[in-house]
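Chemist: Encoded as structure tokens, here's the structure I'll be asking about.
Protein chains: 2
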Amino acid sequence: MEPLQCGTSPIVGFRFSLHPMTSDFIKVIKGALNDTDTSNVWMHTDDVSTVIRGKQIHVFNVAKALALHTAKTGEHVALSGTFSIGCPGDSTGDVFLEKDDVLLNTDSTKQYISSQFALYPMNNPDYMAVIYREVDRAKQLGLFNDSMHYASGIHGDIHEVFAFYEEAFTNACSDEHRHLVMTVSMSINSPSHGGA
Amino acid sequence: MEPLQCGTSPIVGFRFSLHPMTSDFIKVIKGALNDTDTSNVWMHTDDVSTVIRGKQIHVFNVAKALALHTAKTGEHVALSGTFSIGCPGDSTGDVFLEKDDVLLNTDSTKQYISSQFALYPMNNPDYMAVIYREVDRAKQLGLFNDSMHYASGIHGDIHEVFAFYEEAFTNACSDEHRHLVMTVSMSINSPSHGGA
Numbered sequence: 007m008e009p010l011q012c013g014t015s016p017i018v019g020f021r022f023s024l025h026p027m028t029s030d031f032i033k034v035i036k037g038a039l040n041d042t043d044t045s046n047v048w049m050h051t052d053d054v055s056t057v058i059r060g061k062q063i064h065v066f067n068v069a070k071a072l073a074l075h076t077a078k079t080g081e082h083v084a085l086s087g088t089f090s091i092g093c094p095g096d097s098t099g100d101v102f103l104e105k106d107d108v109l110l111n112t113d114s115t116k117q118y119i120s121s122q123f124a125l126y127p128m129n130n131p132d133y134m135a136v137i138y139r140e141v142d143r144a145k146q147l148g149l150f151n152d153s154m155h156y157a158s159g160i161h162g163d164i165h166e167v168f169a170f171y172e173e174a175f176t177n178a179c180s181d182e183h184r185h186l187v188m189t190v191s192m193s194i195n196s197p198s199h200g201g202a
Numbered sequence: 007m008e009p010l011q012c013g014t015s016p017i018v019g020f021r022f023s024l025h026p027m028t029s030d031f032i033k034v035i036k037g038a039l040n041d042t043d044t045s046n047v048w049m050h051t052d053d054v055s056t057v058i059r060g061k062q063i064h065v066f067n068v069a070k071a072l073a074l075h076t077a078k079t080g081e082h083v084a085l086s087g088t089f090s091i092g093c094p095g096d097s098t099g100d101v102f103l104e105k106d107d108v109l110l111n112t113d114s115t116k117q118y119i120s121s122q123f124a125l126y127p128m129n130n131p132d133y134m135a136v137i138y139r140e141v142d143r144a145k146q147l148g149l150f151n152d153s154m155h156y157a158s159g160i161h162g163d164i165h166e167v168f169a170f171y172e173e174a175f176t177n178a179c180s181d182e183h184r185h186l187v188m189t190v191s192m193s194i195n196s197p198s199h200g201g202a
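Residue numbers (the working numbering), protein chains in the order written: chain E, 7 to 202; chain Y, 7 to 202.
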């Protein structure tokens, strides 16, 4: 049996909600979906959230593109969700692992975002060390915003922030501890951000 | 040394974001904060989220009251957040554990909500059994809505849903495995809910 390689072989999922703080929220969400190429991920929306599943690179690529396209409306938008890999109860949708590695969303428009994240490596006695290591890495990258209860603040340009999250997700997963969860909550175009 | 009793002795926290899908979002959030008695919890708001900390009963009571008061505006509102207890990095704010057990928010107005939750008992080899047990309990209570990747759907009247979440949080924590995380995502007054 080949070793399971986190972030390459197993399916990654992101269950999220996109919240435009405007009465036109449906238009903003539909517009972002329209502007994002989601053909490399499996996607399902219900009355509370949306889930996308597939190769890690495509899941993060689609998540970033959705955030970026909603940001372009200029509306205050929040994106919160949970990245997961290796859940023991996981099953269907693996067909999307056969997609190639060509990213379909490549818009590199700059956009400031402020966010918070938490890592939950499941069934791993050393999980706090894993978390502290990634927080230290954010500090070294200049993306660390603030310490706080239950999360860490990460901010900067959307492309750097998403690159950090994808790498943190890769780093926090291991062959021995395959089930990893990462929650993220992002705020875009917030009136609190001023000129940031 | 006395045993640590989950849900009674240690401090519970809830880091959340409230997202009214209206251009008047600031007014809706400020109104809900104004109508909710938060004096039994420590509270701090930053540019992405708000955290409340204190005794478990007060943290859940304040969370429910905030959701209920925003619901009363009739606007489509989303509430997403993470309940935590026993985080090894946890520290300040314990003064609020000396509050008595009298609930300060007792509005029992009925309100349908649809939600999703996930339990993450940290460093617990039997964590999947803990999760399945609580999902089964939701089914028995008639609150279970749907199975899905990475979460479970819970819906019904806001008071029953919050009672379920508080009990699930209590049940999933144990003296042996003290660090517990529970994510919840709620949708209120959604156009998707129709007459539900």
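Every residue gets a Cβ at the ideal spot worked out from N, C-alpha and C, and that includes glycine.
All of these numbers come straight from a predicted model, not from anything done at the bench.
Taking Cβ-Cβ distances shorter than 7 Å, what residues in chain E pair up with asparagine 111 of chain Y?
Modeler: For this step, residue 111 of chain Y is matched to residue 105 along the second sequence. Within 7 Å Cβ-Cβ: nothing; asparagine 111 of chain Y doesn't reach chain E, min ~22 Å.
Chemist: Could you say which of Y:Met27, Y:Ser86, Y:Glu81 lies nearest to lysine 70 of chain Y if we only look at CA atoms?
Modeler: If you number the second sequence from 1, residue 70 of chain Y lands on position 64. Per the Cα distances, Y:Ser86.
Chemist: For my contact list, aspartate 43 of chain E and leucine 103 of chain E are in at a C-beta cut-off of 8 Å; report their separation, rounded to the angstrom.
Modeler: Translated into positions along the first sequence, residue 43 of chain E becomes position 37. Translated into positions along the first sequence, residue 103 of chain E becomes position 97. Not a contact, Cβ separation roughly 18 Å.
Chemist: When you compare the CB of arginine 184 of chain E with every CB in chain Y, is at least one pair closer than 9 Å?
Modeler: As a working note, residue 184 of chain E is residue 178 in the first sequence. By this cut-off, arginine 184 of chain E is not an interface position.
Chemist: Kindly give me the distance between the Cβ atoms of tyrosine 203 of chain Y and glycine 19 of chain E, rounded to whole angstroms, as I take these residues to be in contact under 8 Å.
Modeler: Absent from the structure is residue 203 of chain Y, since the part of chain Y shown begins at 7 and ends at 202.
Chemist: Between methionine 49 of chain Y and isoleucine 58 of chain Y, which are expected to be in contact by the criterion C-beta below 8 Å, what is the C-beta distance as a whole number of angstroms?
Modeler: On the second sequence, position 43 is the one that residue 49 of chain Y refers to. On the second sequence, position 52 is the one that residue 58 of chain Y refers to. Right, the Cβ-Cβ distance comes to about 5 Å (below 8 Å), so this counts as a contact.
Chemist: Just to confirm the assignment: which complete beta strand (DSSP E) runs, minimum length 3, are found wholly within the region 80-159 of chain Y?
Modeler: Here the runs fully enclosed are 83-91, 118-127, 150-154.
Chemist: Is it buried or exposed, tyrosine 133 of chain Y, if we count other Cβ atoms within 10 angstroms and call 16 or more buried?
Modeler: Along the second sequence, one-based indexing puts residue 133 of chain Y at 127. Buried is the call here.
Chemist: Going by C-alpha to C-alpha distance, which of E:Met128, E:Val136, E:Tyr171 sits closest to leucine 149 of chain E?
Modeler: Taking the first residue of the first sequence as 1, we reach residue 149 of chain E at position 143. It is E:Tyr171 whose Cα lies nearest to the Cα of leucine 149 of chain E.
Chemist: Roughly how many whole angstroms lie between the Cα atoms of serine 191 of chain Y and serine 114 of chain E?
Modeler: Position 185 of the second sequence, counting from 1, holds the residue named residue 191 of chain Y. Position 108 of the first sequence, counting from 1, holds the residue named residue 114 of chain E. Approximately 30 Å between the Cα atoms of the pair.
Chemist: Determine, using beta carbons only, whether proline 16 of chain Y comes closer than 9 Å to chain E.
Modeler: Reading the second sequence from its first residue, position 10 is the one you call residue 16 of chain Y. For proline 16 of chain Y, the answer is no, since every Cβ of chain E falls outside 9 Å of its Cβ.
Chemist: Counting only beta-carbon atoms, is tyrosine 133 of chain E nearer than 9 Å to chain Y?
Modeler: To locate residue 133 of chain E, count along the first sequence from 1; it is residue 127. So yes, tyrosine 133 of chain E belongs to the interface.
Chemist: Which residues bound the alpha helix (DSSP H) around histidine 25 of chain Y?
Modeler: By 1-based counting over the second sequence, the position of residue 25 of chain Y is 19. Run containing histidine 25 of chain Y: none in the alpha helix (DSSP H); it sits in the beta strand (DSSP E), 18-26.
Chemist: If the criterion is Cβ atoms closer than 9 Å, does the pair aspartate 53 of chain E and histidine 199 of chain Y meet it?
Modeler: Translated into the one-based positions of the first sequence, residue 53 of chain E becomes position 47. Translated into the one-based positions of the second sequence, residue 199 of chain Y becomes position 193. Yes. Within cutoff.
Chemist: Taking buried to mean at least 16 other C-beta atoms within 10 Å of its own C-beta, is asparagine 46 of chain Y buried or exposed?
Modeler: Residue mapping note: residue 46 of chain Y aligns to position 40 of the second sequence, counting from 1. Buried, by the Cβ-count rule.
Chemist: So, with DSSP's three-state summary, where would you put threonine 44 of chain Y?
Modeler: Translated into positions along the second sequence, residue 44 of chain Y becomes position 38. Three-state result, threonine 44 of chain Y: coil.
Chemist: Given that glutamine 122 of chain Y touches chain E, what residues does it touch there, using C-beta distances under 7 Å?
Modeler: Start at 1 with the first residue of the second sequence, and residue 122 of chain Y comes out as number 116. Residues of chain E passing the Cβ test: Val54, Ser55.
Chemist: Please determine if the region 65-83 of chain E and the region 22-36 of chain E are in contact, where contact requires at least 3 C-beta pairs separated by less than 8 Å.
Modeler: Contact between the region 65-83 of chain E and the region 22-36 of chain E is present, because at least three Cβ pairs lie under 8 Å.
Chemist: Straight-line CA distance for valine 136 of chain Y to lysine 78 of chain E?
Modeler: As a working note, residue 136 of chain Y is residue 130 in the second sequence. As a working note, residue 78 of chain E is residue 72 in the first sequence. Each residue's alpha carbon lies about 42 Å from the other.
Chemist: What are the boundary residues of the alpha helix (DSSP H) that includes valine 187 of chain E?
Modeler: Your numbering for residue 187 of chain E matches position 181 in the first sequence. Element bounds for valine 187 of chain E: not the alpha helix (DSSP H) but the beta strand (DSSP E), 186-194.
Chemist: If you run the structure through DSSP and keep just helix, strand and coil, what is histidine 161 of chain E?
Modeler: Locating residue 161 of chain E in the first sequence gives position 155, where the first residue counts as 1. DSSP places histidine 161 of chain E in strand when its eight states are reduced to three.
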